[in-house]
Every structure is written in C-alpha cells, then in structure tokens.
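Numbering (the numbering used here), first residue to last: 68 to 378.
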C-alpha cells in the first residue's frame, strides 16, 4: 500500500500528520512574499517540516487509511508498519528516498534523518489557484528634450486694436447702469421686509411651543423591559493534546494525573475514530498554544501535539 498519498491528503487538512514508528510531518503557514531583486511574487503557503521524535500512533493516519480503503483499523496499522520497514531498509541501502509531493528523506553523517520538502505543492487550501509570477520592471520615459524644444520656440504676442466708440453707446451704457442700481436697491428693501416678517412668525411659533411643553405631563404606561447583555464566551480553538486513547479508563487516568500536576486538563468527546482525547489545556491564540506545547514537551511529554479545532 502506498501510504504517502494518504499523508499528502491529510497535510491539506491538519497541521501534524504522524507516521507511527517513523516521525511526524508538520505544517506552518507562510505569508505571501515579494522578492524585490527578482521582481517575483509568491502566494501564501504551508511549509512542511519533519520531527523524528514524534513517533507514537495518534490514530489519525491509520483511521484515514481504513476509511479510504474500506478496511479495518488493525489492517491499516499493519500497512503503515510495513511501509515504515521498507523506508528504513531503503535508507540503509541507498541513504535516501523520496515521498511523492511531500519531500526527500536522507541520512546525514551522524545517521540522523534529514528532510527536504517538495516546494512545488502548496498544501494551503485558501491559496488554491494562486501561483507565483514575475512582474516586469516598469519603464519610465523622460520627456526633458521635448520640453526644452517647446520652451525655445518663438513666443507670439497679441496687441489689441484700439477702436473708437460712438457717444451714443456711452449714453446707452449710463442709462442701463442707472436702471440696474435702482433695481438692486428696490430688491434689497423687499428682502429686508420678508426677513422681518419671518422672524416675527418664528418667534410667535416658538413661544407657543414652549407654553405647550411647560403644560404637558409625560408618563409611560408600559415601561420597557430590562435589557440583558449576554457576554460572549472567549473562544479557545488551540489545544495541546496529551493523547487519544481507545479505552476510556486510560483517558480518565491521564486526565487525573494532569489535573494533579496543575494543568487545566480537559476531556473532550470521542472523535469520529472512537478515540478519547485528553488535553493539557486550550488557548485563544496560536502563539500561546505553541509556547505551552514547547514547555510541556520539555517538562512532561515530548510527544504532546497541537490540535486546531473549535470545540
């Protein structure tokens, strides 16, 4: 069975995909990038890394294979173990092997696993359809020479021609000006009369309104009900997982141990694979959860992993 295709499918949906007995493939979102020197733009993507210390079976890969192949969970676990044996044998013989669309795995001089991710596949679903591209440099033309040629051109000047006006036109203009002044004065007097009457009417109306307000009595027959504000509970979508157990009594045992150690441990409902997860705690931000996971891995459980889900 070729399990690398199932690993690639899970990398689109989860942040951590563990291969029991071999290690875990981790993803981290990288923001969009612009390489100024090459004028290249790259969309957001998931960067894949590998941790050889996370080897315990969390049930994710085995259950996914069992559902996809329509087989039993135990058969899927056996298929994973068989694939891991072949990977290790290939490493001993050739020193390296490739996982399609995931990356290359090799051994260094100290026989430690080295992982080189495959950059051509973007596992971030929100970036589907986006690809990198190169934008050509914008060229700007200079028009200094054209401006200089325009400035050195001959300037054309216009001299107005003197015309003799008849005395008749002068007298007509004086007559029209007199009519205009008379109309302006009469219009301003008319406007002042209208403004005076408007002020008198507005004053009388305002006085009547004030009298009505003073005489009025206000009462409320049916008061409004009291307003109850519901405080929205703060969401904690990031969780540090201690493990997912097939037996509920084992989950209770781990829950009690973590509570006695002072952790804000939680038991959540069984997942779709029938396993009982136990959490060290839940956090509001990814940074808080990463910090807590690192401390837990150093102090208590190196195999603790991060779950991103709104519970």
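Each residue gets a CB set at the ideal place from its N, CA and C atoms; glycine is no exception.
Just so we're clear, the structure is a prediction, and the values are computed from it rather than from any experiment.
Residue interval of the alpha helix (DSSP H) (run including residue i)
| i | result |
| --- | --- |
| residue 89 | That residue, residue 89, is in no alpha helix (DSSP H); it is neither H nor E in DSSP. |
| residue 42 | In the structure as shown, the chain begins at 68 and stops at 378. Residue 42 is therefore absent and cannot be evaluated. |
| residue 72 | 71-78 |
| residue 130 | 127-136 |
Strand pairing of residue i, partner residues [DSSP]
| i | result |
| --- | --- |
| residue 307 | 348, 373 |
| residue 117 | 92 |
| residue 84 | 92 |
| residue 312 | 343 |
| residue 180 | 174 |
| residue 156 | Answer is none; residue 156 lacks a bridge partner. |
| residue 187 | Answer is none; residue 187 lacks a bridge partner. |
| residue 334 | 345 |
| residue 97 | 112 |
CB contact flag (residue i, residue j, <7 angstroms)
| i | j | result |
| --- | --- | --- |
| residue 307 | residue 360 | yes |
| residue 190 | residue 132 | no |
| residue 305 | residue 126 | no |
| residue 318 | residue 343 | yes |
| residue 88 | residue 151 | yes |
| residue 321 | residue 311 | no |
| residue 373 | residue 356 | yes |
| residue 389 | residue 71 | The requested residue 389 does not occur in the structure, where the chain is confined to residues 68 to 378. |
| residue 82 | residue 375 | yes |
| residue 183 | residue 170 | yes |
| residue 110 | residue 119 | no |
| residue 68 | residue 146 | yes |
| residue 115 | residue 85 | no |
| residue 168 | residue 188 | yes |
For residue j and residue i, believed in contact at Cβ under 8 angstroms, the rounded distance
| i | j | result |
| --- | --- | --- |
| residue 90 | residue 128 | Residue 90 to residue 128, Cβ: 12 angstroms. No contact. |
| residue 353 | residue 330 | The Cβ separation is near 19 angstroms, so there is no contact. |
| residue 332 | residue 345 | 7 angstroms |
| residue 142 | residue 130 | Not a contact, Cβ separation roughly 12 angstroms. |
Proximity test, residue i beta-carbon vs the ligand FAD heavy atom, cut-off 6 angstroms
| i | result |
| --- | --- |
| residue 305 | With respect to the ligand FAD, the structure shown offers nothing to examine, as it has no ligands at all. |
Segment limits, beta strand (DSSP E) that includes residue i
| i | result |
| --- | --- |
| residue 173 | 170-174 |
| residue 163 | 163-166 |
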